[in-house]
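Below: the structure, in structure tokens.
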Amino acid sequence: MIGERASRSQDRLLASVILIIFAFPGFAWTETPPPAEGPVFNMSISNVTVSVGREAVLACVVENLSVYKVAWLRVNTQTILTIASHVITKNHRIGVTHSDHRTWYLHIRDVHESDQGDYMCQINTDPMKSQIGYLAVVVPPDILDYPTSTDMVVREGSNVTLRCAATGSPTPNITWRREGGELIPLGNGQEVASIEGSVFNITRVNRLHMGAYLCIASNGVPPTVSKRITLIVHFPPMIWIQNQLVGAREGQEMTLECNSEAYPKSINYWTRDKDEIIANGGKYEPVLLDNAYKVHMKLTIRSVGPSDYGSYKCVSKNSLGGTDGSIKLYRKYVPSPTTLPGISSTTPMPTVERVEKKQRSRQKIPPSSVPNVNEVMDASKSAANRNDLRLRGRQSDESRRNDNDLSRSADVTGQQNDNTAQSMSSTGHIRFSLVSSESIVYVILIMTIS
Ligand SMILES: *[C@@H]1O[C@H](CO)[C@@H](O)[C@H](O)[C@H]1NC(C)=O
Ligand SMILES: *[C@@H]1O[C@H](CO)[C@@H](O)[C@H](O)[C@H]1NC(C)=O
Ligand SMILES: *[C@@H]1O[C@H](CO)[C@@H](O)[C@H](O)[C@H]1NC(C)=O
Ligand SMILES: *[C@@H]1O[C@H](CO)[C@@H](O)[C@H](O)[C@H]1NC(C)=O
Ligand SMILES: *[C@@H]1O[C@H](CO)[C@@H](O)[C@H](O)[C@H]1NC(C)=O
Ligand SMILES: *[C@@H]1O[C@H](CO)[C@@H](O)[C@H](O)[C@H]1NC(C)=O
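Sequential numbering from 1 applies to the sequence shown in UniProt numbering.
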């Protein structure tokens, strides 16, 4: 009777392979008849999600199991895994445990991706009872080295494609961010915090794109992974100057400033006439303030003397080219309060700097704002004082000579050709023009051709 039932079940398994064979050694039916109600499932099998490499446990709860047996089957491969507390399959990652013959646990250690699928808990009633649970195997994301971009060096203006390839289950989403969290400029003038997708195209890359990017792969399975890709943008130097015309009184401390941008990093220096490089030390103090591809150049003249008036150049050079910008330092006279109102009413207001028409009167009435001059002129005791006196005298001469050309001191007039427009940029994107008019109005035209 038992053998007959067993062999009949075996035939059915071979045919449909969803039914269980109860033919393993030691199995025997009890003599007492099973309860009328028979075993029932308490609840459906919870679906389980587990990371690859971990252990998965599926639970099947049966009430009133009595003499019946619980088996676990793999549905898609049609394999019997366990029957009661015996492991049938040769897969030694499989195990079975139970608590009070009521809850039956199927254990799958070191889960493989291929273990994903449906698992059936079956009771050998006739007809059999079964229920199915699903094991989902997830794989944390991994970024593939080969198809993913490495650090790049590109010329400004070229088109750049950054790629990021990742594996994982479910398929990971790829997000691009800047390492420092800065916004990413898009071609249309907008800026975004992140870009979605495995391909990140930058059309006409510019210096603002330079920096480290993170390709972040996430699929909800920890850990999220990222790869750092550095984008280097090469471009020849450019120079910007805020004030191309700077007035200073004698004895005053004056700082000339240039802003340069270049990558690879430029060599920056200041020159005077005949391209003579201004060395550090003495009365000149060149300072460079570095910030990635930007350099702020400062040249401080501790005490402006007559020979310091004239043209200065800030020069920036790198392997892709070089450029320079000029700054003119002109002599500025101390304004005289007695003549100021009349002048201001007739002189149009210039946009940049203005040289006042009160040089002569100022010589007569030294203003209170420079008491040192008074003291020097009266005392004239030390060598330094005599020198100052001499300089003051020369200044007066120049003032008279320049009466009709109030715009500039003698030191500057020698370089009238500098009044013509001069290119400040080797690439021609930005030009500064310096124009002098009879009404002593200096206008700096900044034309952007882009
Ligand atoms: C399922 O089990 C719980 C206790 O774990 C019990 O309270 C409940 O009555 C059971 N349900 C059935 C249908 O057996
Ligand atoms: C398990 O997942 C299947 C689909 O994969 C779904 O039909 C079933 O309702 C889920 N069961 C539970 C208990 O969540
Ligand atoms: C289990 O069997 C007992 C008697 O054999 C019955 O009283 C009880 O209702 C059954 N429980 C279930 C959940 O069928
Ligand atoms: C870069 O892309 C733009 C727009 O797709 C195209 O017009 C331009 O020719 C490309 N430049 C280069 C150097 O490929
Ligand atoms: C990125 O650019 C490449 C060509 O360089 C093009 O084939 C691809 O479609 C672009 N992808 C996106 C998302 O714009
Ligand atoms: C991937 O992105 C889509 C849309 O951006 C989102 O709906 C989905 O939940 C994301 N998937 C993961 C795993 O983060």
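For glycine and all other residues, C-beta sits at the position ideal for the given N, C-alpha and C.
Status (buried if at least 16 other CB within 10 Å, exposed otherwise) for residue i
i, result
"arginine 204", "exposed"
"asparagine 206", "exposed"
"glutamine 122", "buried"
"threonine 255", "exposed"
"lysine 283", "exposed"
"isoleucine 229", "buried"
"isoleucine 277", "exposed"
"aspartate 275", "exposed"
"aspartate 115", "buried"
"leucine 183", "exposed"
"tyrosine 146", "exposed"
"arginine 155", "exposed"
"leucine 289", "exposed"
"glutamate 37", "exposed"
"leucine 186", "exposed"
"glutamate 250", "buried"
"valine 295", "buried"
"leucine 106", "buried"
"residue 453", "In the structure as shown, the chain begins at 1 and stops at 450. Residue 453 is therefore absent and cannot be evaluated."
"arginine 54", "exposed"
"alanine 193", "exposed"
"alanine 292", "exposed"
"serine 319", "exposed"
"residue 467", "This structure gives no information on residue 467, because the portion of the chain shown stretches from 1 to 450."
"valine 111", "buried"
Residues that DSSP places opposite residue i in a beta bridge
i, result
"histidine 234", "Arg155"
"histidine 98", "Trp104"
"glycine 211", "Leu231"
"proline 185", "Glu191"
"valine 57", "His107"
"methionine 128", "Methionine 128 pairs with nothing; no bridge assigned."
"glutamate 113", "Partner(s): none; glutamate 113 has no beta bridge."
"isoleucine 174", "Ala217"
"threonine 150", "Partner(s): none; threonine 150 has no beta bridge."
"glutamate 196", "Thr175"
"glutamine 122", "Ala71, Ser130"
"serine 226", "Ile216"
"alanine 84", "According to DSSP, alanine 84 bridges with nothing at all."
"valine 160", "Ile202"
"valine 52", "Answer is none; valine 52 lacks a bridge partner."
"glutamate 63", "Val40"
"isoleucine 143", "Ala166"
"valine 334", "DSSP output for valine 334 lists no bridge partner at all."
"threonine 79", "Arg74"
Cβ-Cβ distance between residue i and residue j below 8 Å
i, j, result
"aspartate 324", "isoleucine 202", "no"
"valine 75", "methionine 120", "yes"
"tryptophan 72", "leucine 81", "yes"
"threonine 103", "valine 61", "yes"
"alanine 212", "proline 141", "no"
"valine 246", "leucine 329", "yes"
"isoleucine 108", "alanine 165", "no"
"lysine 313", "threonine 271", "yes"
"glutamate 113", "valine 139", "yes"
"glutamate 257", "glutamine 242", "yes"
"asparagine 173", "asparagine 219", "yes"
"glycine 321", "aspartate 273", "no"
"threonine 148", "lysine 69", "no"
"serine 85", "valine 96", "yes"
"arginine 163", "valine 199", "yes"
"leucine 144", "threonine 167", "yes"
"glutamine 252", "valine 304", "yes"
"leucine 231", "valine 334", "no"
"leucine 214", "glutamate 179", "yes"
Interface flag, residue i vs chain C, CB-CB below 8 Å
i, result
"asparagine 124", "Within the model displayed, chain C is absent; a lone protein chain is all it includes."
Cβ contact (3+ pairs, closer than 8 Å) linking the stretch 129 to 138 and the stretch 47 to 56: yes
Three CB pairs or more closer than 8 Å across the stretch 257 to 267 and the stretch 230 to 245: yes
Contained alpha helix (DSSP H) runs [length at least 4] in the UniProt domain "Ig-like" (236 to 330), N- to C-terminal order: none
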